[in-house]
Structures are given as C-alpha cells and as structure tokens.
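Undergrad:
Residue numbers (my numbering): 268 to 893.
1) With a Cβ-Cβ cutoff of 8 Å, do residue 458 and residue 532 count as a contact?
2) Excluding the 5 residues preceding and the 5 following residue 645 in the sequence, name in chain order all residues of the same chain whose CB lies nearer than 6 Å to its CB.
3) So, at 8 Å on beta carbons, what are the nonlocal neighbours of residue 852 in its own chain, with the 5 sequence-adjacent residues on each side left out?
4) Taking only the alpha-carbon atoms, compute the straight-line gap between residue 898 and residue 454 and give it to the nearest angstrom.
5) Given residue 470, which residues of its chain have a CB within under 7 Å of its CB, disregarding the five upstream and five downstream residues?
6) Excluding five sequence neighbours on each side, which residues of the same chain lie with their C-beta closer than 6 Å to the C-beta of residue 350?
7) Take residue 284 and list the residues in its own chain whose beta-carbon comes closer than 8 Å to its own, dropping the five residues that flank it on each side.
8) Only counting runs of 4 or more residues, tell me where the alpha helix (DSSP H) segments fall wholly within the stretch 279-323, in order along the chain.
9) DSSP on residue 791, reduced to helix/strand/coil?
10) Can you list the beta strand (DSSP E) stretches of 3 or more residues lying completely in the stretch 839-879, in chain order?
11) With burial defined as no fewer than 16 other Cβ atoms inside 10 Å of the residue's Cβ, what is the status of residue 598: buried or exposed?
12) Determine the DSSP secondary structure at residue 544, reduced to helix, strand or coil.
13) Could you pull the DSSP bridge partners for residue 702 from this structure?
14) DSSP on residue 246, reduced to helix/strand/coil?
15) Name the DSSP bridge partner or partners of residue 380?
16) To the nearest whole angstrom, what separates the beta carbons of residue 725 and residue 492, a pair I think is in contact under 8 Å?
17) Report yes if the CB atom of residue 525 is closer than 8 Å to the CB atom of residue 621, and no otherwise.
18) Closest by CA to residue 278, which one among 709, 789, 352 and 512?
19) Assess, as a yes-or-no matter, whether the stretch 869-882 is touched by the stretch 818-829 under the definition of 3 or more beta carbon pairs within less than 8 Å.
20) Determine the extent of the beta strand (DSSP E) in which residue 883 is found, giving its start and end residues.
21) Give me the residue from 812, 559, 843 and 775 with the minimum Cα distance to residue 832.
22) State the Cα-Cα distance for the pair residue 429 and residue 698, rounded to the nearest angstrom.
23) Between 317, 837, 850 and 670, which lies nearest to residue 466 when the distance is taken from Cα to Cα?
24) Can you list, in chain order, the residues of its chain whose CB lies under 8 Å from that of residue 422, leaving out five sequence neighbours each side?
25) Apart from the five residues just before and just after residue 763, which ones in its own chain have a Cβ nearer than 6 Å to its Cβ?
26) Leaving aside the five residues before and after residue 303 along the sequence, list all residues of the same chain whose C-beta is less than 6 Å from its C-beta, in chain order.
27) CB-CB under 8 Å to residue 829, same chain, minus the five flanking residues each way: which ones, in chain order?
28) Kindly indicate which three-state DSSP category residue 674 falls into: helix, strand or coil?
29) How far does the alpha helix (DSSP H) with residue 553 in it extend, from its first residue to its last?
30) Taking buried to mean at least 16 other C-beta atoms within 10 Å of its own C-beta, is residue 479 buried or exposed?
31) Which partner residues does residue 891 have in the DSSP bridge list?
32) Pairing CB atoms from the stretch 691-711 with CB atoms from the stretch 622-641, are three or more of them under 8 Å?
33) For residue 515, report the span of its alpha helix (DSSP H) as first-last.
34) What whole-angstrom Cβ distance do residue 760 and residue 842 have, given they're in contact under 8 Å?
35) Does DSSP put residue 503 in a helix, in a strand, or in coil?
36) Do residue 539 and residue 462 have their C-beta atoms closer together than 8 Å?
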C-alpha cells in the first residue's frame, strides 16, 4: 500500500533506502514472532525440526517474495501504480476483459482483495508493536503486566501524530530500517558461526521432510511460516511511490539477506542453547536485550506507519474508483502528493488495534488471527496475475496458466493452513472484510440506482436548447458550471434554477467528472469538450484513480479563449439530494438504501472534494425517489 514518502526522481540508492523504510517495515519485523510460532503447537524443537522450519521460511521468501512479487508482479504497473486495486483496474481495462461479465468478475476479485488488505491491516500494527515490547519481559519477567499498557500507549501515539504528517521524521525511516536489517543479519551470522550445520537448512528438502515428519502439525507450521512473508503484498502496493528497481535493490541487497541470515541464526541459537525462552531476543546477551527491544520497537512503529499510510492510499483509490463515499482528506505535505490523512480511517484503525491488543494481550495469541486475509489476498493477486500476464505481456494461455498454477498451489497451501485459524481468532479479519465488502457494494449499488433515477429525471440537452431558442430567457454575464452525468443530460440543479429564477448565465458548462481505470490521466485524456450551441458546452474531465480531482486547476488547464476559467466570474451549481424510498421494495433493499443514505449524509461535500471555491458554490435541493 502506497505511502508517498519518497518520489520517483531520486537516485536509485537513495530511493532504495527510502523503500527500506516504507516497503519492508512489515516483513522486516516478522523475525520477532514468525520462527517462534513454528513451535507454538507442541512441535518438538529438535535440531532437524529447527533446520526444517528455517528451510521453509527461507524458501517461502524465495518463491513468494523474490520470484512472484519482486521478479514478476512488480512489472505489472498501472501507469506507475501498484496494488491489488490498481492491478484489477489494469485487467478490467484490457482487451481480455471487454465483456461486461468479465469486467464484473475482475471487479469483484479486486474488491475482495482490497477489503482483505484492510482487514489484516488493522492487525499488523498491533502484532508488530506488541511483539517488540514483549522484549522487556525477556530481561525482566516482572514487567509482563506492563506490556499491554505500553503497547497501547505506543499505538495511540502513532495514530495521534498522523494529522501532522510524517515528512520530517520520514527521512529517518530508511536509515533506521537499514540499521535493523544490518543488526538482523549480524545476529544471524554470529549464531551461524556457532552452529555451521544449520546452513543445511538451505536445502528445500529439509523443509519438506519437516512437514512429513510432523504431519499432524503441518497446517499450524505452514500458518506460522506464512507470517514471514505477510509483508510481500506491500512490495507491489508501494510501487506507486518507489520504482521497481529501487524495491528490487532494497530486497536483494539488504532485506532478504538480513532476514534469511536471522532466521538461520534463530535456528542455530535454539540448537546451541535449547533452553532459550525467546528465539529472537536471546540472540543477544542479556545486556543487549534492552537496546534490541528499543530498536525493534522503532522498527515496529515504522512498519505500522507504513501500513497506516498504505490504508490511506488504498482508501483514496477506492473513493476515486467509486467504491466508497467521499471522505475528508487532509494533505500533510505541500510537496509530496502521497502524504494524505483521512481522519475516519485513522481513528477506525486505532480503535481496532487497541481492541486487538487488549483482547489478545500476547503476540502469540494475536498471531492466531493474523495471516488468513493476506493469504487469501495473495491468491487473489495470483488470479489477477494470470489475466494481466496475458493482457499486458502477451503471454500464451498455457504459459500464464503454468506459472499462475505454480503460485496458486503455494497460495492454496498457505490458505488452507491459515484456514485452521478461523476458530481461534481468524474469523475476525474475515468478518471485517465482509463488512467492508458489503459497504462498498452497497455504495456502488446505491450510486448506480441513483444514476439511473437522475438520468430519467434529466432532460436531453438538445431538447432544452431547442426550447430556449423559442423562449426569451434572460442571460446574465459569467459562466455557470453544472455537474452532470456521462450522457450530458441537463441536471436537476439547472432545471430547478431555471424554473425558480427564470435566468441563465451567458455561458453554461455541463461538467462530467470521470475516474479512469488508470492511475493518472494523460494530457490527451484529461478533457474533452463538445459545443452544444446557444452558449452551452459539455465538458468531460478525467482523473486517474491516484489523482486528486482538483476541478478548478483542471479547468484552468483545459479551458481557453472565451471559455477560459475565471474564478470570480464563475458559479458552480450543485445538487443536494435527499432520498425517499419507492414502493414495492423488499426489506433487504430498504436496509441497503437506508445504509446508502446514511453514507451519503456523512460523505464529504462535493465542494470540498473537488476543491471548489466555497464562495462560488450554490447548492439546490432535490428529492429523489429510489
């Protein structure tokens, strides 16, 4: 998920450093709990099993992160943007998905993936911070009761500072995470030298034999192994803010070596000192536990920050794609477009994290709820990858199927493993995802229903112009902008203004704002104007789903000559609709319409969302029967 801390024009190594701080924070904190969880279900910590667990983790990172995401999926950018919604939009606009049924299927898959990222997104800050703070109990077990309050305090602080932006402290994220990965690698090397035999774990058959040997625990083991790659989806989601080259450099030269060495080091530690109580924090002597805890906490905070910013970015894309109502957005940086703050999303995530920490209290218990949504998201990404590889790269059907099937087998194995968590807390992210999907589909359904009613109530532009030619309607100087539908029908706001005031401006612009299935609109795509005659024009403005729909700025760029945009001589007429339910609706439709009406009432007004000058906006009320 995008965060927008670094712009793409930086030098490759500088951008790679920035990517470390944003893209790899989540996967970078996995060593705090992933290896330990492999032996949480009474799995014997024998030398063979320890090596097998390390083998499974390292090869999972190779297959899922290195090959699937870094080598392949990073190449599927939508005009520079990544993420599952972006990939869904890319496939939806391809020649392979021109049919309505195909587009709806791809849309549904993308919607599912986006909702699942939200669901697991609220768990990542909680488990990262909680597992980091638990380092205090390794050195001082009597501090056990303080872990939850400290973790909750850190969570509150993280979310409280979001409205101020992260521009000033964001420059520290890369160096801190770089230090974190270096420390991970050095600690791993130290214990690998103590037990060189652990390097046999690099043989993938050790992992396979581990699962066969502990077949009764195979699913819990795979679920624990999956915790080591849960941050893989973030690599693709943040493509909009870092180049693929920078992400690859950061992964292959820093993140992957540090992680692989650390997991091997944890396996070596547990072989040399089987009495160790914590496979991560016991990598250092007792005097080093507190500094390591502080560094781990800093890394967890950065991982949380990256995910929160990603949630903001995902929400912004969902709003632009018409999946969610307009929400209040605050831009926290005057220079970096990706730094946006959405108060409703921020406080929802904070309350969810606080509940999870207070309810589960331990990272090992919270791990039971973690992973199922991301495993399903990765399977969804594989399905979209199959379509995109054919549409974008021109792969043959058999080649795409062969590669996608290989990834899907791995995805399904992890999905089945995480499915065993449903009764132990895994149901929670699924319920959250289901609620989000319901709200998104209800909003889209309501908007479609409203659009049909508005089109029926509107008047074709040629018909009104013909009537105006017959009547002597007073025209006043200036330009009036009326928001309209795609067909350019005369909106209710104009008809009401004409009915009650018996006056029209000398220039009338019927303005239709459209979001493309692309991250950005090119200059050629930005606008299209049709002269309807008698001082009327139909203007189509197009924005990408990652762009801010600043209408006045776009008008200044696309209108010229006698139609040039002059703020002090222009008035925007907007409709303010209230809804009444039509007769014959089912109980389910009434519930959905009530929820749609509630979301509409709480949506950010169009004036603020489209950056219209408030002093030049007139709202006209109308009641629509849905």
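Backbone N, C-alpha and C define an ideal beta-carbon position, used for all residues, glycine too. Please read all numbers here as calculations on a predicted model, not as lab measurements.
TA: The answer reads as follows:
1) Position 191 of the chain shown, counting from 1, holds the residue named residue 458. Position 265 of the chain shown, counting from 1, holds the residue named residue 532. Contact flag set, yes.
2) Here residue 645 is taken as the residue at index 378 of the chain shown, counted from 1. 678.
3) Here residue 852 is taken as the residue at index 585 of the chain shown, counted from 1. 860, listed in sequence order.
4) Residue 898 lies beyond the stretch modelled for the chain, which goes from 268 to 893, so this question has no answer here.
5) Counted from its first residue, the chain shown places residue 470 at position 203. Closer than 7 Å at the Cβ level, and outside the excluded window around residue 470, lie 322.
6) On the chain shown, residue 350 is found 83 positions in, with the first residue counted as 1. Result list for residue 350: 504, in chain order.
7) Counting from one through the chain shown, the residue named residue 284 turns up at place 17. So the qualifying residues of the chain are 441, 442, 445 and 517.
8) List check, alpha helix (DSSP H) in window: 279-290, 292-295 and 301-304.
9) Working through the chain shown from its first residue, we reach residue 791 at position 524. It is helical.
10) The beta strand (DSSP E) runs lying completely inside the stretch 839-879 and spanning 3 residues or more number zero.
11) Indexing the chain shown from 1 puts residue 598 at position 331. Looking at its Cβ environment, which holds fewer than 16 other Cβ atoms inside 10 Å, residue 598 is exposed.
12) Indexing the chain shown from 1 puts residue 544 at position 277. Residue 544: coil per DSSP, three-state reduction.
13) In the chain shown, residue 702 corresponds to position 435, counting from 1. According to DSSP, which records beta bridges pairwise, residue 702 is partnered with nothing at all.
14) Any answer about residue 246 is impossible in this case: the structure gives the chain only from 268 up to 893.
15) Here residue 380 corresponds to residue number 113 of the chain shown, with the count starting at 1. For residue 380, which the question treats as bridged, DSSP gives no partner whatsoever.
16) Position 458 of the chain shown, counted from the first residue, corresponds to residue 725. Position 225 of the chain shown, counted from the first residue, corresponds to residue 492. The Cβ separation is near 57 Å, so there is no contact.
17) On the chain shown, residue 525 is found 258 positions in, with the first residue counted as 1. On the chain shown, residue 621 is found 354 positions in, with the first residue counted as 1. No.
18) Residue 278 sits at position 11 when you count from the first residue of the chain shown. It is 512.
19) yes
20) As a first step, residue 883 must be located in the chain shown, where it is residue number 616. Per DSSP, residue 883 belongs to no beta strand (DSSP E) and is neither H nor E.
21) Counting from 1 along the chain shown, the entry for residue 832 is found at position 565. Ranking 812, 559, 843 and 775 by Cα distance to residue 832 puts 775 first.
22) As a first step, residue 429 is located in the chain shown; it is residue number 162 there, counting from the start. As a first step, residue 698 is located in the chain shown; it is residue number 431 there, counting from the start. Cα to Cα, residue 429 sits roughly 26 Å from residue 698.
23) The residue given as residue 466 occupies position 199 in the chain shown. Residue 317 is the option with its Cα nearest to residue 466.
24) If you number the chain shown from 1, residue 422 lands on position 155. 392, 393, 396, 571, 617, 620, 621 and 624, listed in sequence order.
25) Indexing the chain shown from 1 puts residue 763 at position 496. Around residue 763: 887.
26) The residue labelled residue 303 in the question sits at position 36 within the chain shown. Answer for residue 303: 546, listed in chain order.
27) Counting from 1 along the chain shown, the entry for residue 829 is found at position 562. Only 774 meet the Cβ criterion.
28) The residue given as residue 674 occupies position 407 in the chain shown. Look at residue 674 here: in three-state DSSP terms it is helix.
29) Here the question's residue 553 lines up with position 286 in the chain shown. Taken as a continuous stretch (DSSP letters only), the alpha helix (DSSP H) holding residue 553 covers 553-587.
30) As a working mapping, residue 479 is identified with position 212 in the chain shown. That one is exposed.
31) Within the chain shown, residue 891 is the residue found at index 624, counting from 1. Answer is 846, bridged to residue 891.
32) yes
33) Residue 515 sits at position 248 when you count from the first residue of the chain shown. Run containing residue 515: 511-517, per the alpha helix (DSSP H) assignment.
34) As a first step, residue 760 must be located in the chain shown, where it is residue number 493. As a first step, residue 842 must be located in the chain shown, where it is residue number 575. So it is a contact: roughly 4 Å between Cβ atoms.
35) Residue numbering aside, residue 503 sits at position 236 when the chain shown is read from its first letter. Of the three classes helix, strand and coil, the one that applies to residue 503 here is helix, per DSSP.
36) Mapped onto the chain shown, residue 539 falls at position 272. Mapped onto the chain shown, residue 462 falls at position 195. Between residue 539 and residue 462, the gap from beta carbon to beta carbon is short of 8 Å.
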